[in-house]
Amino acid sequence: MAVEFAILLPVLLLLVLGIMEFGRAFHVQTTLSNAARDSVRVMALQDNATAARSTAKASAHGLPLTDAMISVTPTTCTPDAAAPGMASVTISYPFSPVSGFLPIDDLTLTGKGTMRCFG
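When we follow the UniProt record's numbering, the leftmost residue of the sequence shown carries the number 1, and every step to the right adds one.
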């Protein structure tokens with residue numbers, strides 16, 4: 001009984017760590033997508049890239065986002081009602097595993113939001 005437990009314990013621990021790491025990665029991915037969606041809404045309605053970046057940082061609770069991680073394009077929306085442009089916010093976040101046992105070293109998670117300007 002103890003031999004079987006000793007053989008299965010590393011496999012079970014690896015399985016539990018994998019579930020935790022991928023669950024955390026899924027949570028971070030969802031947070032980035034929601035932050036990008038909130039941010040692009042601010043950009044499309046207020047036409048303010050600085051406010052869009054601030055909204056992304058405030059919306060991504062627990063993630064230390066910097067301005068370099070948040071890409072807002074275009075930086076100004078065109079007020080042409082006949083052909084309004086599209087605003088886009090992309091947030092790139094370097095994900096690092098907590099456990100360090102899994103071979104996930106260079107993983108960049110991305111959240112993206114797109115919305116019609118003034119729309």
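Even glycine gets a Cβ: it sits at the ideal position worked out from N, Cα and C.
Query raised in the report: Could you give the residue range of the beta strand (DSSP E) that holds Ala-49?
Result: Per DSSP, Ala-49 belongs to no beta strand (DSSP E); it is in the alpha helix (DSSP H), 49 to 59.
**Report entry** Reduced DSSP secondary structure (H/G/I, E/B, other) of residue 121
**Finding:** Since the first residue shown for the chain is 1 and the last is 119, residue 121 is missing from the structure and cannot be characterised.
**Report entry** Coil, strand or helix - Ile-7 by DSSP
**Finding:** It is helical.
Query raised in the report: How many Å lie between Met-115 and Val-28 at the Cα?
Result: Cα-Cα distance, rounded: 22 angstroms.
Query - Leu-109 versus Ser-92: straight-line alpha-carbon distance, rounded - result: Taking the straight line from one Cα to the other gives about 6 angstroms.
**Report entry** For Leu-12, the residue or residues it bridges with in DSSP
**Finding:** Beta-bridge annotation (DSSP): Leu-12 is not paired with any residue.
Query raised in the report: Under three-state DSSP, which class holds Ser-96?
Result: In the structure shown, the three-state DSSP call for Ser-96 is coil.
Query raised in the report: With respect to 7 angstroms, is the separation between the Cβ of Met-43 and the closest non-hydrogen atom of the ligand MN below this value?
Result: The model depicted lacks the ligand MN and carries no ligand whatsoever.
Query raised in the report: In its own chain, which residues sit with a C-beta less than 8 angstroms from the C-beta of His-61, not counting the 5 before and 5 after it?
Result: Take His-61, set aside five residues on each side of it, and the residues of its chain with a beta-carbon closer than 8 angstroms to its own are Thr-31, in chain order.
Query raised in the report: Between which two residues does the beta strand (DSSP E) containing Leu-65 stretch?
Result: Run containing Leu-65: none; DSSP gives neither H nor E here.
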